[in-house]
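Novice:
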Amino acid sequence: MEKRAHKVIERWRADLALVGSVKRSEESLNLWFIPRVGDGTLDRGDRPYYLQRATLTDEFRQDRQEQLSATALVAVAPLADTATRGGLLDEGLLNTTRKLASLLEGSTIENAERRAALQAALGNALLTLGERERDTTRVGEAVEALSAVVRVFTCEQEPQQWAMAQNNLGYALLNLGDLSGELEHITRAIRAFRASLTVFTRERMPNQWATVQNNLGNALLTLGEREVDASRMREAIEVYLAALEVRTRERMPLDWAITQNNLGNAQMKLGEREGSSALLYRAVKAYRLALKERTREKVPLDWAMAHNNLGNALFVLGELENKVELLEQARDAFRAALQEYTYERFPGKWALAHHNLGNILVVLGDQTGKLVLLREAVVAYRAALTRYSRESEPLDWAKTNCGLGVAFGILGERENNTNHFLEAAKCFGQALEVLYRAHLPVDWAAAQNNLGNVLLKLGEREPGIARLRQARQALEAALEVRNHEQMPLDWATTQNNLGNVLFLIGERLGDLATLKNAVRAFSAALEFRTPERMPLKSAQTQNNLGNALASLGERTGDSQLLLRAIQAYEAALQAFAPEGPKNVQENLQAQINRARDILNNQLAN
169 MEKRAHKVIE
179 RWRADLALVG
189 SVKRSEESLN
199 LWFIPRVGDG
209 TLDRGDRPYY
219 LQRATLTDEF
229 RQDRQEQLSA
239 TALVAVAPLA
249 DTATRGGLLD
259 EGLLNTTRKL
269 ASLLEGSTIE
279 NAERRAALQA
289 ALGNALLTLG
299 ERERDTTRVG
309 EAVEALSAVV
319 RVFTCEQEPQ
329 QWAMAQNNLG
339 YALLNLGDLS
349 GELEHITRAI
359 RAFRASLTVF
369 TRERMPNQWA
379 TVQNNLGNAL
389 LTLGEREVDA
399 SRMREAIEVY
409 LAALEVRTRE
419 RMPLDWAITQ
429 NNLGNAQMKL
439 GEREGSSALL
449 YRAVKAYRLA
459 LKERTREKVP
469 LDWAMAHNNL
479 GNALFVLGEL
489 ENKVELLEQA
499 RDAFRAALQE
509 YTYERFPGKW
519 ALAHHNLGNI
529 LVVLGDQTGK
539 LVLLREAVVA
549 YRAALTRYSR
559 ESEPLDWAKT
569 NCGLGVAFGI
579 LGERENNTNH
589 FLEAAKCFGQ
599 ALEVLYRAHL
609 PVDWAAAQNN
619 LGNVLLKLGE
629 REPGIARLRQ
639 ARQALEAALE
649 VRNHEQMPLD
659 WATTQNNLGN
669 VLFLIGERLG
679 DLATLKNAVR
689 AFSAALEFRT
699 PERMPLKSAQ
709 TQNNLGNALA
719 SLGERTGDSQ
729 LLLRAIQAYE
739 AALQAFAPEG
749 PKNVQENLQA
759 QINRARDILN
769 NQLAN
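Here my numbering is used: the first residue of the sequence shown is 169, the next is one more, and so on.
#1: Assess contact between the segment 708–717 and the segment 686–697, defined as three or more Cβ pairs (one per stretch) separated by less than 8 Å. Is contact present?
#2: Based on Cα-Cα distance, which residue from Leu730, Gly571, Arg402 lies nearest to Cys595?
#3: I'd like the ranges of any alpha helix (DSSP H) spanning at least 4 consecutive residues and lying wholly in the segment 628–686.
#4: Apart from the five residues on each side of it in sequence, which residues of its chain come closer than 6 Å, Cβ to Cβ, to Gly577?
#5: Got a sec? Which residues, its chain only, sit under 6 Å from Ser364 by beta carbon, not counting five neighbours each side?
#6: Rounded to whole angstroms, what's the CA-CA distance from Asn383 to Tyr339? Just pull it up for me.
#7: Going by beta carbon distance, what residues of the same chain come within less than 7 Å of Arg192, once the five residues before and after it are set aside?
#8: On the three-pair Cβ rule with 8 Å, is the segment 640–653 touching the segment 429–439?
#9: Starting from Gly479, follow the alpha helix (DSSP H) in both directions and report where the run begins and ends.
#10: For Asn768, count the other beta carbons within 10 Å of its own beta carbon; 16 or more makes it buried, fewer makes it exposed. Which is it?
#11: Give me the Cβ distance between Leu624 and Asn668, rounded to the nearest whole Å; I'm assuming they're in contact under 8 Å.
#12: Can you give me the Cβ contacts of Val317 inside the same chain, cut-off strictly under 6 Å, excluding the 5 residues immediately before and after it?
#13: DSSP on Tyr511, reduced to helix/strand/coil?
#14: Does DSSP put Cys570 in a helix, a strand or coil?
#15: Would DSSP call Pro609 helix, strand or coil?
#16: From Gly439, Val467, His475, pick the residue whose C-alpha is nearest to that of Arg456; which is it?
#17: Would you tell me roughly how many angstroms separate the C-alpha atoms of Arg362 and Asn292, rounded to the nearest one?
#18: Give the range of the alpha helix (DSSP H) segment to which Ala340 is assigned.
#19: Output yes or no for whether 8 Å exceeds the beta carbon distance between Asn386 and Leu342.
#20: Is it true that the segment 694–704 meets the segment 721–730, where meeting means three or more beta-carbon pairs spaced less than 8 Å apart?
#21: Is Ala681 buried or exposed, if buried means 16 or more other CB atoms sit within 10 Å of its CB?
#22: When burial is assigned at 16 or more other CB atoms within 10 Å of the CB, is Asn751 buried or exposed?
#23: Are Gly419 and Thr427 close, meaning C-beta to C-beta below 8 Å?
#24: Please report the straight-line C-alpha distance between Leu391 and Trp612, rounded to a whole angstrom.
#25: By alpha-carbon positions, which one of Met655, Asp470, Ile673, Ala615 ends up nearest to Pro631?
#26: Taking Leu683 as the reference, give the member of Leu261, Phe696, Leu666 with the closest Cα.
#27: Can you find a CB in chain C that lies within less than 8 Å of the CB of Asn477?
#28: Comparing C-alpha positions only, which one of Ala505, Arg300, Trp377 sits nearest to Thr366?
#29: Do Val492 and Gln535 have their CB atoms nearer than 8 Å?
#30: From the DSSP output, in three-state form, read off Gln220 for me.
#31: Determine the burial state of Glu259: buried for a count of at least 16 other Cβ atoms within 10 Å of its Cβ, exposed for fewer.
#32: Going by beta-carbon coordinates alone, are Arg545 and Gly573 separated by less than 8 Å?
#33: Using beta-carbon positions only, say whether Leu290 and Leu268 come within less than 8 Å of one another.
#34: Does Arg462 pass the burial test, meaning 16 or more other C-beta atoms within 10 Å, or should it be called exposed?
#35: Checking 8 Å against the spacing of the C-beta atoms, do Gln710 and Ala686 come in under that value?
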């Protein structure tokens, strides 16, 4: 039956076939959905169909027609890879959701299971629309509909229907939490998936078990991104690896690719958090494995998603290892994703890809010194903000404002333009109106760190220390979240930034205590910023440490401090040479010579 269906699909170039069989004349009809790609499960969302078979009465009643339409449209959503298909899908889903909602409001259907089936169809259709549009309101309505389904069934009487309803509800809650930034939705999703797994066990129902495991991994990873503790991310990796024991490439190639992609996400996020090149290289490997099945010809949208994710991993890896070639590969991956993510077809994904492209252009522009790349980054972020709004996508809007702020900050430094710094501070301030520490501590701390950097740059250009005090306050706030044990890379970055602020305050006030605190901050940063792990950043911090020690040594007449300053400068010079910029090496050598002159004068006297 399935082979015949695929022949019909190919012949008519269709996206989906509805296949039916009559068991007994005028008694029942069983229906299956056979998509153009996949094996009858929802590749996009990894949810089993709520309705895989529909037993029809003598009349094909309107409620069953609408249920069938909604389920079929949800099934075909991953294949809506052209403007025409996308438009037809959205129009069909809108019409069907209106009809289903109308039926449920005024329906005389008394059978609880029939009403639950309609609620499930409505919920899945609303969720599909909400995902495509990144619309928090629609996804919230989907949660309400699918919550009603869960209340109909019990684990004792209808275990499989209850477990499937829990899985579908979990998927909707996860999407709502991801869009809104509300952690409670994500924790509820985790509970729903775990409940589903009490029925869908590996021994009895391995395929369903692997599907829910994959979804559970997504929820754990999403929650882990928002928490300081990385244990959820590690658990997500374990869950994905378990799912891959069932989802093998030979048995389930597209599902295997989905979970490989998700495994890459978890390894990338944990690698970024811990500054681990090994984890990031594993993530790149997982994404490239996924692309062996997620080809553009077969599943163009999944192909675009995999390129977007691959770009993220290469971006973090290139920034960590200071390798321009990796950053350029990341830029190319993001641009590949934009070949499928057009504004007309997928405005939400188009905005995300522009946000990511902005990220990579900022780092490339900073490392190469090419202002044109930084200006292109500003254009990319502003393009994303034409789609993101504070009301509908507050978290995406805030993160994009943060990226735009970083771009303006670097442009301000390169062009010596105070207005760029003021614009950057405005961007971070707006983001912090949305990023609350209680709900999103990691993102809040990142925004505080970046705001502190911009305030430092403004403070360098203004008399007095008012801006510098604000910068110190922001950076110390960031360190309340960014700790050595759980976020060593970010902790070291903020310690270095705080050291810069303290050094400038100490210099302007002639305050030895503040200069000593600057030395402590730079020394702390160097616990993680080692030459082996991060040669360029290690050199930058060694240079900063040298400046603070030299200032203290000159002010106090302490020759030991000057010797330590010379050692720090020499360590920085060694890390920069021989590939580093010649002007940087010359500047370091001049600082070494100056420290030696001061030391010689002190010893002579």
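C-beta atoms are modelled at their ideal positions from N, C-alpha and C, and glycine is treated no differently.
Specialist: In terms of the structure at hand:
#1: In short, these stretches touch, since the Cβ pair count reaches three.
#2: Taking the sequence shown and counting its residues from 1, the one referred to as residue 595 is at position 427. Taking only the C-alpha atoms, the option nearest Cys595 is Gly571.
#3: Whole alpha helix (DSSP H) segments, 4+ residues: 634–647, 656–677.
#4: Taking the first residue of the sequence shown as position 1, residue 577 is located at position 409. Hits under 6 Å: Ala592, Val622.
#5: Locating residue 364 in the sequence shown gives position 196, counting from the first residue. Contacts found: Ala331, Gln334, Asn335, Val380.
#6: Position 215 of the sequence shown, counting from 1, holds the residue named residue 383. Position 171 of the sequence shown, counting from 1, holds the residue named residue 339. Cα atoms of Asn383 and Tyr339: separation of roughly 7 Å, rounded to the nearest angstrom.
#7: As a position in the sequence shown, residue 192 is number 24, starting the count at 1. Low confidence applies to Arg192: its pLDDT is 48, below 50, so where it sits in the model is not reliable enough to give any reading.
#8: Not touching, per the Cβ criterion.
#9: For the purposes of this step, residue 479 is taken as the residue at position 311 of the sequence shown. 468–489 is the extent of the alpha helix (DSSP H) around Gly479.
#10: For the purposes of this step, residue 768 is identified with residue 600 of the sequence shown, where counting begins at 1. Per the 10 Å Cβ criterion, exposed.
#11: Taking the sequence shown and counting its residues from 1, one reaches residue 624 at position 456. Taking the sequence shown and counting its residues from 1, one reaches residue 668 at position 500. Indeed, because the Cβ distance is near 6 Å, the residues count as touching under 8 Å.
#12: Within the sequence shown, residue 317 is the residue found at index 149, counting from 1. Excluding residues within five positions, the ones whose Cβ falls inside 6 Å are Ala284, Gln287, Ala288, Ala333.
#13: As a position in the sequence shown, residue 511 is number 343, starting the count at 1. Three-state result, Tyr511: coil.
#14: Along the sequence shown, one-based indexing puts residue 570 at 402. It is helical.
#15: For the purposes of this step, residue 609 is taken as residue 441 along the sequence shown, with counting starting at 1. Three-state DSSP puts Pro609 in a helix.
#16: Taking the sequence shown and counting its residues from 1, the one referred to as residue 456 is at position 288. Arg456 has its Cα closest to that of His475, out of Gly439, Val467, His475.
#17: Walking along the sequence shown from the start, residue 362 turns up at place 194. Walking along the sequence shown from the start, residue 292 turns up at place 124. Arg362 and Asn292 have their C-alpha atoms roughly 20 Å apart.
#18: Stepping through the sequence shown from its first residue, residue 340 is reached at position 172. Unbroken alpha helix (DSSP H) run through Ala340: 327–348.
#19: Here residue 386 refers to the residue found at position 218 of the sequence shown. Here residue 342 refers to the residue found at position 174 of the sequence shown. Contact flag set, yes.
#20: The segment 694–704 vs the segment 721–730: no contact.
#21: Your numbering for residue 681 matches position 513 in the sequence shown. That one is exposed.
#22: Translated into the one-based positions of the sequence shown, residue 751 becomes position 583. Burial call: exposed.
#23: Residue mapping note: residue 419 aligns to position 251 of the sequence shown, counting from 1. Residue mapping note: residue 427 aligns to position 259 of the sequence shown, counting from 1. Sequence inspection shows Arg at residue 419; the Gly mentioned does not correspond to that position. Going by C-beta atoms, Arg419 is not nearer than 8 Å to Thr427.
#24: Numbered from its first residue, the sequence shown carries residue 391 at position 223. Numbered from its first residue, the sequence shown carries residue 612 at position 444. Per the coordinates, the alpha-carbon of Leu391 lies some 15 Å from the alpha-carbon of Trp612.
#25: As a first step, residue 631 must be located in the sequence shown, where it is residue number 463. With distances taken between Cα atoms, Pro631 lies closest to Ile673.
#26: Taking the sequence shown and counting its residues from 1, one reaches residue 683 at position 515. Selection Leu261, Phe696, Leu666 evaluated against Leu683 yields Leu666 as nearest (Cα-Cα).
#27: Absence of chain C from the displayed structure is noted, only one protein chain being present.
#28: Reading the sequence shown from its first residue, position 198 is the one you call residue 366. Nearest C-alpha to Thr366: Trp377.
#29: For the purposes of this step, residue 492 is taken as the residue at position 324 of the sequence shown. For the purposes of this step, residue 535 is taken as the residue at position 367 of the sequence shown. For Val492 and Gln535, yes; Cβs fall inside 8 Å.
#30: As a first step, residue 220 is located in the sequence shown; it is residue number 52 there, counting from the start. With a pLDDT of only 37 at Gln220, under 50, the local geometry of the prediction cannot be trusted, and no value is derived from it.
#31: Locating residue 259 in the sequence shown gives position 91, counting from the first residue. Result: exposed.
#32: In the sequence shown, residue 545 corresponds to position 377, counting from 1. In the sequence shown, residue 573 corresponds to position 405, counting from 1. In the sequence as displayed, the identity of residue 545 is Ala instead of Arg. No, the Cβ-Cβ distance between Ala545 and Gly573 is not below 8 Å.
#33: As a position in the sequence shown, residue 290 is number 122, starting the count at 1. As a position in the sequence shown, residue 268 is number 100, starting the count at 1. Yes, Cβ-Cβ distance for Leu290 and Leu268 is below 8 Å.
#34: Within the sequence shown, the letter at position 294 stands for residue 462. Arg462 is classed as buried because its beta carbon has at least 16 other beta carbons within 10 Å across all chains shown.
#35: Indexing the sequence shown from 1 puts residue 710 at position 542. Indexing the sequence shown from 1 puts residue 686 at position 518. Contact: no.
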